[in-house]
Amino acid sequence: MTCVFCEISRKEKPAHIIYEDKDIMVILDINPISKGHLLVIPKEHHEAIQDTPVKTLVKTWVIASAFAKIYRDKLKAPGVNVITNSGSPAGQVVFHFHVHVIPRWEQDGFKKGGRHVLSEEEASEITSMLSDYLDIVKSYLNEISI
Ligand code: 5GP
Ligand code: ZN
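Read in the numbering used here, the sequence shown has 173 at position 116, and its numbers run on one by one without any break.
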């Protein structure tokens, strides 16, 4: 069975990659709930949170936490949601474990559940906004030596 996140991690399918190391990639969601909606994805395929090895979980959640920090403290997002969906009843659509980091802006339309299609213009704006702060991700990872 093909897995879209495995295809992206093997570079068989394009994505806007914000951060990447040997284990993890952070990409822009193709149908963002809000401007800057990120997906933190281990490169190795595991179906959901319950199937993922602890070290991989730690690294994934630490990187998600670093982006939550960047959004609030550097990019002044007044709120952020950090979530994972496990199983269809919880809304999981891609069965390759990942964590959503969804910055919340005033009047971002989130409550209406509206999504939009990521445009190239929006993608380059967010990529450049975040690129100034990737050292924060590295400093989070240094703390846990992973
Ligand atoms: P889930 O509901 O499984 O937690 O979320 C899957 C997320 O992956 C959705 O927010 C969806 O928009 C996103 N997504 C699905 N296919 C692709 C894709 O090909 N590229 C990117 N960048 N995001 C995708
Ligand atoms: Zn996969």
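Quick reminder that beta carbons are idealized off the backbone N, C-alpha and C, glycines included.
Please say whether ARG172 and ASN138 have beta carbons closer to each other than 8 Å? no
Can you look up TYR128 in the DSSP assignment and give me helix, strand or coil? helix
Less than 7 Å separating the Cβ of PHE62 from some heavy atom of the ligand ZN? yes
Tell me whether the beta-carbon of PRO99 lies closer than 8 Å to the beta-carbon of PHE152. no
Cutoff 7 Å; reference ALA125; Cβ partners in own chain excluding five residues on either side: VAL137, VAL139, VAL158
Which residue comes first and which comes last in the beta strand (DSSP E) that contains LEU85? Its beta strand (DSSP E) spans residues 81 to 85.
Take the Cβ of ASP220 as the centre, count every other Cβ of all protein chains shown within 10 Å, and call the residue buried at 16 or more, exposed below. Residue 220 lies beyond the stretch modelled for the chain, which goes from 58 to 203, so this question has no answer here.
Does the ligand ZN have even one heavy atom less than 7 Å from the beta-carbon of HIS102? yes
Roughly how many angstroms separate the alpha carbons of ILE87 and VAL174, rounded to a whole number? 6 Å
For SER202, count neighbouring C-beta atoms within 10 Å of its own C-beta (all shown protein chains included) and say buried if the count is 16 or more, exposed if not. exposed
Selection from LEU187, ALA180, GLU177 that minimises the alpha carbon distance to LYS133: Checked all of LEU187, ALA180, GLU177; the closest Cα to LYS133 is LEU187.
Tell me whether VAL156 is buried or exposed, calling it buried when 16 or more other Cβ atoms sit within 10 Å of its Cβ. buried
Once DSSP output is grouped into helix, strand and coil, what is the label at GLU163? coil
Specify the secondary structure class of ASN138 as computed by DSSP and reduced to three states. strand
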